[in-house]
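Presented below is the structure to which this report refers.
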Amino acid sequence: MRWYLPYGNPTYFIWLALALIPLMIGLLYGRRFRGYQTLISLFFLILTFGGPNWHTGLALIGYLIYQLILVWAYSHYRQAKDSPNKGWIFVTAVVLAIIPLVIVKITPLFTPNRQSIIGFLGISYITFKVVQTIMETRDGMIKEFHPVLFGQFLLFFPTISSGPIDRYRRFEADYAKVPERSAYLDMVEKGVRYIFQGFLYKFILAYIFGSIMMPQIQQRALMAHGFSWNIVAYMYVYSMDLFFDFAGYSLFAVGISYMMGIKTPMNFNQPFKSKNIKDFWNRWHMTLSFWFRDYIFMRLVFFCMKHHIFKSRTTTANVCYVINMLIMGFWHGETWYYITYGLYHGFAMVINDTWLRFKKKHQDHIPHNKFTELFAIFLTFNVVCFSFLIFSGFLNTLFFAPKPF
Amino acid sequence: MSMKKRLFMIFGPIFAAALLMLAVFLSPLWSSLNYVNPKVVNNAASSLSPQVLKGQLIKRNALEHGYVPFFGSSEWSRFDPFHPAVLAAKYDRSYQPFLLGARGSQSLTHFFVMQSINPQLKNKKAVVFVSPQWFTPKGEDPNAFSFYYSPLQTTSWIKRESGSKMDRYAAYRLLQMPSGNSDREIAGALARIAAGLKPTTSQMTYVNIRNRILLNEDQIFSRYRVPLNNEKTIDKNEELLPNQYNYQKLDQLAGKIGAEKTTSNDFQIDNTFWNRRLKSHVKKLKNFQAHMSYVKSPEYSDFQLMLNQFANDHTNVLFIIPPINAKWQKYTGMSSAMLATFDKKITYQLRSQGFNHIDDLSHDGNVPYFMADTIHPGWRGWLTMDKAIRPFLTEKVPSPRYRIDNYYYSKEWQNESGSDNHFDD
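If you're matching them up, the sequences are chains A and B in order.
According to UniProt numbering, the residues represented by the first sequence are 1 to 405, in order.
According to UniProt numbering, the residues represented by the second sequence are 1 to 425, in order.
Below, the structure is given as structure tokens:
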């Protein structure tokens, strides 16, 4: 028995193809073999969380039981007739939901180079799913708690390690039904295309940028001691690697979901074509940025408006942008570069909004044409790539890490 | 559109691509595409790249065009004007060294490297640089071995193995390495070979297919994978040499350059090496090698694999046994008696089997500017070796008569310390 990272090597795909055939035949003939689907999900989870990783498998099981009890308890409270729907209970539920993730994230701060024993691959992404379920239960959007369906949603194996982050109601609706044959064939067609696009992205382009070019440039930049043009080269190469690696992975996850008759949302939509930072966040790691928009930014804005914390709407939005992005920075990890990356994007959003308002006010004087659009794309691309240079932690290695000799 | 037609439209291209890929990678036609640009070969000869070591095409091509294999390890990367590759290039020798090996490549790796060039070793010449540091009590480091492990060479060898003692011992050693167990089918075949059995038909089918695919990969891609490593270094070092080869003058020059490069310390160690690797913790290294021994090691039997393969190929081999920097040896407390025993033991293993071309430099560790650092020869050391290498490779040498003795594969030999004058007879 071998153990695999999801989509890590060709053998994993052969296993996938073999396991999915019966499920696909079922779907073509109008049946969803739910028992079989559960069985293969279990198989693929064991491939990732079994063997030498068994302790993370245990952590996953413990985590799952904890969250099921938590969401069950909150749903029981909230979905009862004439539930008092207290704010503090809701807040407590959310805090309890994110506590395991927080522990996992801050453990390396206290014990360097050690991972928390309650951590496992993909804990962030499951936590996102739990928190949104609690929030939508509070809002009354989710009216029923179904432990098995909820478990299926959390453990949906194609997206377990790094998303895309689906929504419970959307997932449940797909899972409950079987698509029409022609609609399903469309999904299969798209799924195959996504998977092969993923091969191109992850195994060819990300390999060229990340495994061939990056180490050489990194070496040269380190040898130069201090600033050099190699850092600029590193910035672009790292950005390309980051995109093609993650977008490739996301394409696999979405493609495999489609084969299973589940329309997991897309994660990337040509992000380097963005005309501004806001546009970028609508195209880059979309399920994460939409999650932050819906469950952090919007809720912060409502909270501030309800309690009249700031006079102007603009100030409210600006403060919420920065807090929102700062939290995203903290989520990436407790290092100066992730946090700086968060702040950078928060302020980039503020500047972007200010500029757009200014531009709207002075429409008559500010030109808008093909050329300015191209310039906007160029500028946004470079602003984003610079943020990825911060994010990469390479500046940390370059300027603060102890020298090897 | 009917369901069948749509499914065919969706999955047809995937099957077509898979078939095409199989056809390309299993096709025997690639093996006739043997041309490699001489420039690429020239680069490869001094690249010290693991890719070149693990491949086949480039080495074969080089050895068929006047290059001679120089088996060794980390010493090849110490380029200076007297390095064998520089001397051969500068003075247009009839041979050019093809440097095989880098840090951590030892006998077992070289045995498998030889499997990719057996036809080119037949009745030809080779040079082997035998590092005493290979012969540690644990022998080859499994991680270093993995780094140079080539499934291509392994499968080529399995295809030809005949169940001889050499083959059985090689299979046994390979199974002790993680690399030998990295492929379940191959590990199964190795277990059978080690036990003296032929691999099963299905194992052989697997080995043949795998070998064909790896061979084609090598034929198609290896010529584009040669890194441009040391070309410029060699060119620059050539410029420092006079146009005429005069040993006395070169020896003076070697001493002069050596003196200029070793101003930072009392061990006559190259300044760069000293400053980067030793200066900061030299205090801690006092006497740290007091208990080091190169006398008992599984490496002796791995080395026997190389000798056995040379004997099978009737290759005429020159063995170079380097010294250790005597000042450093004294400082780190390494035993001279132990080194003398090592020298006796390895020489005995060579001579008793008919390997008589030995350039034994083990007593030259205190010759000024002979060593470039602690264990690697430099300036005058390289030049001294040239006195043995040049005539060996340019003049006619009688064909060897080897007598392979399987005793050298035994634990007794690995642990033999020569206490009862065993090496003297």
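The C-beta atom is built at its ideal place from N, Cα and C for all residues, glycine as well.
Measure the alpha-carbon distance for residue 423(A) versus Met235(A) and round it to whole angstroms.
Nothing can be reported for residue 423(A), as the shown portion of chain A is limited to 1 through 405.
Expressed to the nearest angstrom, what Euclidean distance is found between the alpha-carbon atoms of Met385(B) and Ile117(B)?
Start at 1 with the first residue of the second sequence, and residue 385(B) comes out as number 385. Start at 1 with the first residue of the second sequence, and residue 117(B) comes out as number 117. Distance between the alpha carbons of Met385(B) and Ile117(B) is about 25 Å.
Partners in chain B for Leu27(A), counting only beta-carbon separations shorter than 8 Å:
Residue mapping note: residue 27(A) aligns to position 27 of the first sequence, counting from 1. Here the premise fails: no neighbours, minimum Cβ distance about 12 Å.
May I ask you to report which of helix, strand or coil DSSP gives Leu33(B)?
Within the second sequence, the letter at position 33 stands for residue 33(B). Coil.
Does any CB atom of chain A fall closer than 8 Å to the CB of Ile10(B)?
If you number the second sequence from 1, residue 10(B) lands on position 10. Chain A, which has a Cβ nearer than 8 Å to the Cβ of Ile10(B), makes this yes.
Where do the ends of the beta strand (DSSP E) carrying Phe129(B) lie?
By one-based count along the second sequence, residue 129(B) stands at place 129. Segment 125-129, the beta strand (DSSP E) holding Phe129(B).
Buried versus exposed, by CB contacts within 10 Å (16 or more), Pro271(A):
Against the first sequence, residue 271(A) aligns to sequence position 271. When all chains shown are included, Pro271(A) counts as buried.
Can you look up Phe70(B) in the DSSP assignment and give me helix, strand or coil?
For the purposes of this step, residue 70(B) is taken as residue 70 along the second sequence, with counting starting at 1. In this structure, Phe70(B) counts as strand in the three-state DSSP scheme.
Apart from the five residues on each side of it in sequence, which residues of its chain come closer than 6 Å, Cβ to Cβ, to His83(B)?
Within the second sequence, numbered from 1, the residue matching residue 83(B) stands at position 83. Hits under 6 Å: Trp382.
Is the separation between the beta-carbon of Asn237(B) and that of Pro81(B) shorter than 8 Å?
Here residue 237(B) is taken as the residue at index 237 of the second sequence, counted from 1. Here residue 81(B) is taken as the residue at index 81 of the second sequence, counted from 1. Contact flag set, yes.
Pick helix, strand or coil for Phe268(A), following the three-state DSSP scheme.
If you number the first sequence from 1, residue 268(A) lands on position 268. DSSP places Phe268(A) in coil when its eight states are reduced to three.
Nearest chain B C-beta to Met1(A) closer than 8 Å, yes or no?
Your numbering for residue 1(A) matches position 1 in the first sequence. Any reading at Met1(A) is ruled out, since the residue's pLDDT is 49, under 50, leaving its predicted position unreliable.
Locate the beta strand (DSSP E) running through residue 442(B), then write down its first and last residues.
For chain B, the structure presents residues 1 to 425; residue 442(B) sits outside this window and is missing.
Which same chain residues end up closer than 7 Å to Tyr74(A) when comparing Cβ atoms and leaving out the 5 residues on each side of it in sequence?
On the first sequence, position 74 is the one that residue 74(A) refers to. Closer than 7 Å at the Cβ level, and outside the excluded window around Tyr74(A), lie Ala93, Ile134, Thr137.
Assign Pro97(B) to one of three DSSP states: helix, strand, or coil.
The residue given as residue 97(B) occupies position 97 in the second sequence. Pro97(B): strand per DSSP, three-state reduction.
Please decide whether Val188(A) counts as near chain B, where near means a Cβ-Cβ distance under 8 Å.
Position 188 of the first sequence holds residue 188(A). Judged by the 8 Å Cβ criterion, Val188(A) is in contact with chain B.
Extent of the continuous beta strand (DSSP E) to which Ile358(B) belongs
Taking the second sequence and counting its residues from 1, the one referred to as residue 358(B) is at position 358. Start and end: 358-360.
Can you name the residues of chain E whose CB is closer than 9 Å to the CB of Arg210(B)?
In summary, chain E is missing from the structure at hand, where the protein chains are A and B.
Alpha carbon to alpha carbon, how far is Gly122(A) from Glu64(B)?
As a working note, residue 122(A) is residue 122 in the first sequence. As a working note, residue 64(B) is residue 64 in the second sequence. So the alpha carbons of these two residues sit roughly 54 Å apart.
Determine the burial state of Pro404(A): buried for a count of at least 16 other Cβ atoms within 10 Å of its Cβ, exposed for fewer.
The count along the first sequence starts at 1 and reaches residue 404(A) at position 404. Only weak support is given to the placement of Pro404(A): the predicted model assigns it a pLDDT of 48, under 50, and the value that follows is read from those uncertain coordinates. Pro404(A) comes out exposed.
What is the C-beta distance between Tyr295(A) and Val95(A), in whole angstroms, given that I count them as a contact (C-beta under 8 Å)?
Here residue 295(A) refers to the residue found at position 295 when the first sequence is read from its first residue. Here residue 95(A) refers to the residue found at position 95 when the first sequence is read from its first residue. Contact doesn't hold; Cβ gap of about 14 Å is too wide.
With 8 Å set as the bound, which would you pick, yes or no: does the beta-carbon of Val192(A) sit closer than that to a beta-carbon of chain B?
Here the question's residue 192(A) lines up with position 192 in the first sequence. Chain B contact via Cβ: present.
Where do the ends of the alpha helix (DSSP H) carrying Asp343(B) lie?
As a working note, residue 343(B) is residue 343 in the second sequence. 336-351 is the span of the alpha helix (DSSP H), which, as asked, contains Asp343(B).
What residue does the alpha helix (DSSP H) around Arg184(B) start on, and which one ends it?
As a position in the second sequence, residue 184(B) is number 184, starting the count at 1. Taken as a continuous stretch (DSSP letters only), the alpha helix (DSSP H) holding Arg184(B) covers 184-194.
For Lys81(A), count neighbouring Cβ atoms within 10 angstroms of its own Cβ and tell me buried if that reaches 16, exposed if not.
Walking along the first sequence from the start, residue 81(A) turns up at place 81. With fewer than 16 other Cβ atoms within 10 Å, it is exposed.
Who are the near neighbours of Gly196(B) in its chain, counting only those whose CB is closer than 7 Å to its CB and skipping five residues on each side?
Locating residue 196(B) in the second sequence gives position 196, counting from the first residue. Answer for Gly196(B): Gly163, Arg168, listed in chain order.
Can the beta-carbon of Asn43(B) be found less than 8 Å from the beta-carbon of Asn61(B)?
Position 43 of the second sequence, counting from 1, holds the residue named residue 43(B). Position 61 of the second sequence, counting from 1, holds the residue named residue 61(B). Not in contact: Asn43(B) and Asn61(B) (Cβ atoms no closer than 8 Å).
Contact check, Gly151(A) vs Tyr125(A), beta carbons under 8 Å:
To locate residue 151(A), count along the first sequence from 1; it is residue 151. To locate residue 125(A), count along the first sequence from 1; it is residue 125. The answer is no: Cβ separation not under 8 Å.
With a threshold of 8 Å between beta-carbons, can Leu185(A) be considered close to chain B, or not?
Start at 1 with the first residue of the first sequence, and residue 185(A) comes out as number 185. Leu185(A) counts as touching chain B.
Alpha-carbon spacing of Met1(A) relative to Thr154(B), whole angstroms:
Locating residue 1(A) in the first sequence gives position 1, counting from the first residue. Locating residue 154(B) in the second sequence gives position 154, counting from the first residue. Residue confidence for Met1(A) is low, a pLDDT of 49 falling below 50, so the modelled location carries little weight; the figure read from the coordinates is stated next. Each residue's Cα considered, the two are about 23 Å apart.
Threshold first: 3 residues or longer. Then list the beta strand (DSSP E) segments lying entirely within the segment 32-108 of chain A, N to C.
none
Within 8 Å (strictly less), CB to CB, does Leu398(A) reach chain B?
Position 398 of the first sequence, counted from the first residue, corresponds to residue 398(A). Closer than 8 Å: no.
Pick from Pro13(B), Met21(B), Gln120(B): whose alpha carbon is nearest that of Ile58(B)?
Within the second sequence, numbered from 1, the residue matching residue 58(B) stands at position 58. When each option's Cα is compared against that of Ile58(B), the closest is Gln120(B).
Is there a C-beta anywhere in chain A that falls below 8 Å from the one on Arg173(B)?
Indexing the second sequence from 1 puts residue 173(B) at position 173. With 8 Å as the cut-off, Arg173(B) does not count as an interface residue toward chain A.
Excluding the five sequence neighbours on either side, which residues of its own chain have a C-beta within less than 6 Å of the C-beta of Met334(B), listed in chain order?
Numbered from 1 along the second sequence, position 334 holds the residue referred to as residue 334(B). Cβ within range, chain order: Gln289, Met292.
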